[in-house]
Amino acid sequence: MMETLSGLPWLRPALDVARLLVFACFVGLGIRALRRPERRSVDRLIAYAMAVSLAVGFTQVEAWPFTNWALVHGLAPARMSSWEIEGLDATGRAWPVDARVLQPMAPEEFGSWMFSRLPRLSDDARARLGRFLLERAEAGRARLVAGEPVGGNERVLGPLAAPFHFQQKPVWHGPADVPAAPFVAVRVQVLEWDVEARRRDESQVTRRELLRYPS
Amino acid sequence: MSARWDTFWHASTSSRNLAVARVLLAGTALWMVLSRVDLPSVLEFPAEMWTGLGAAREARFGLGAPLVLERTLYAALHATLVAALFGIHPRLSCFASGLLLYHFAPFETIVRSPNPYLRGLTIPTLGLLILSFAPRMERWRVLGGTPEDAPAWPLRLVQLLLCQIYFFAGYAKLVTSGLDWPGVENVRRYLLLLNQGLSSTPAGSLGYALADLPWACALLGWGGLLFELAFPLVLFSRASRLVLLPLAVVFHVANGLLFRIFFQNVFLLLLFVDWDRRRSAS
């Protein structure tokens, strides 16, 4: 059913417009309740917000900012995949790159986009993405060496900045974690593992190159 | 039914509770935007990342403006949130903040999804708009002055939306995975894979340590699920607040330590505290 619906090219834009109207109606009812603060106007606003938020919750179909609040709700898979960026120095040595170089974007957002779209990108588009990652990695390396925060999110609040929803541990802790000279290349690797096998042996992770720049 | 509706929605509360709600919502949103410095800069990411949006989705969130305009609007969002925080032109600042948050919150996830929930800005977006629709909000004071009776419905509505975070998180687990979700095997696997995916040294993590204890996995699974489904009781009973609000703090601390999941709206639990108990029945 969902597969059939997702194949309809007009459905997604129509739903986006409908969701905009849902939000606009909420704001409109709120303004009406403010201008005519009698009980009936307020009740309409309350009933509408309740109806929309409960409908979204029970159907699990979002109309953000009314949303479904699902999180880690599926059964955990036996096999997992993830990704990492590696910077290469002039000697060819690979250095793990801290995902904070992508801030303000969260690593899981970038990773989800990359897994779903990278295989369909043209060679030119892959090169543009690779160049972008190399520039980000190098800028992050330079900031770390200079003693500045690696990512942009901590620039104002420092360690009091709100973390992302999924808390990824930092890869870079100090200048020893990066080369003294600039990165000259970058590659993205897919990491795959069996959850229980990795529990027994941390090295049980297979790596596959997804992108390299310059290729 | 009508009487219960009126008792729940049209009771009065202290204006101080509403003022504190404004501070909590604006403060949470400000904390988030100050922690996402230059969020509009995601527009500088490679164009390929933005090609899948489509005109309708751009229209839905008002996307497509030049970066310089987005940065100006993002600066304006900071200003409106500071004004909302301190009660400066509160109606205008809350309303403008709500609309600007509606525009900017999707920047966090839009390349993947137009549904940026659990990024900290969903409840502030709705909550600040709801407060801006309330009568006499110019007279709400956190400190100073004598609190007065005010309609409770704006606070109740925000509280209801906050409860839905917990309830629908539990509901989604049940409808998607059934009673296998809280089972030992599933919780153990989540403990392992989230630490493997998010930690550079998973073997030393607390999640790994608990994954080998079946009773602990069962407690986390069943206890967490029951807590999520029961949380809306805080809307109806002071006694349940005394139990469930501290439990919520424990729940989020455990999620952070064991599953590496951080909940940016944890301070909004203070919305359920009565800040003027002498006057208020809420």
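Chains as they are written, first to last, in the working numbering: chain A, 611 to 825; chain B, 31 to 312.
Think of the CB as a built atom: it goes at the ideal place given N, C-alpha and C, for glycine as much as any other residue.
Remember, it's a predicted structure, so these values are computed and weren't measured experimentally.
- For proline 146/B, the residues of chain A that pass the 7 Å Cβ criterion are Trp674, in the order they occur in the chain.
- In the structure shown, glutamate 696/A falls within a strand segment according to DSSP collapsed to helix, strand and coil.
- The C-alpha of isoleucine 153/B is placed about 19 Å away from the C-alpha of isoleucine 641/A.
- Spatial neighbours of tryptophan 252/B in its own chain (CB-CB distance under 8 Å, excluding positions within 5 residues in sequence) are listed in chain order as Pro212.
- At a cut-off of 8 Å, the C-beta of phenylalanine 257/B has no neighbouring C-beta in chain A.
- Considering only Ala182/B, Thr155/B, Leu156/B, the residue with the shortest C-alpha distance to methionine 167/B is Ala182/B.
- Using a Cβ-Cβ cut-off of 9 Å, glutamine 670/A is close to Phe198, Tyr201, Ala202, Val205, Thr206 of chain B, given in chain order.
- Remark: C-beta atoms of leucine 255/B and alanine 246/B do not approach each other more closely than 8 Å.
- Proximity of chain B to alanine 704/A at the Cβ level (cut-off 7 Å) is not reached, the minimal Cβ distance being about 16 Å.
- At least one C-beta of chain B is nearer than 8 Å to the C-beta of valine 781/A.
- The Cβ-Cβ distance between leucine 48/B and alanine 164/B falls below 8 Å.
- Using a 10 angstroms sphere on the CB of alanine 747/A, the tally of other CB atoms reaches 16 or more, which defines it as buried.
- In terms of beta-carbon proximity, serine 230/B lines the interface with chain A, with at least one pair separated by less than 8 Å.
- Against chain B, the CB of leucine 821/A has no partner CB under 8 Å away; the residue lies outside that interface.
- When CB distances to chain A are screened at a threshold of 9 Å, the residues of the segment 130-146 of chain B falling below it are Leu131, Tyr132, Ala135, Pro136, Phe137, Glu138, Thr139, Ile140, Val141, Arg142, Ser143, Pro144, Asn145, Pro146, in chain order.
- When the five nearest sequence neighbours on each side are left out, the beta carbons in the same chain lying within less than 7 Å of the beta carbon of arginine 808/A are those of Gln814, Val815, in order along the chain.
- Within chain A, Leu685, Ala686 have C-beta atoms less than 7 Å from the C-beta of asparagine 216/B, given in sequence order.
- Sequence-distant Cβ neighbours of leucine 103/B in its own chain, meaning closer than 6 Å and more than five residues away, do not exist here.
- Cβ-Cβ separation between phenylalanine 302/B and leucine 277/B: approximately 12 Å, too far for a contact (criterion under 8 Å).
- Put simply, the CB of glutamate 719/A is near chain B, with a gap under 8 Å to one of its CB atoms.
- In this structure, methionine 62/B places its C-beta atom within 8 Å of the C-beta atom of glutamine 294/B.
- Using a Cβ-Cβ cut-off of 8 Å, leucine 767/A is close to Trp61, Leu64, Ser65 of chain B, given in chain order.
- Going by DSSP, tryptophan 723/A is part of the alpha helix (DSSP H) stretching over 717-727.
- At a cut-off of 8 Å between C-beta atoms, glutamine 777/A counts as an interface residue with respect to chain B.
- The beta-carbon of phenylalanine 742/A is placed less than 8 Å from the nearest beta-carbon of chain B.
- Contact between leucine 185/B and alanine 51/B is confirmed by a C-beta separation of about 5 Å, below the 8 Å threshold.
- In the displayed model, alanine 686/A falls within coil according to three-state DSSP, outside both helix and strand.
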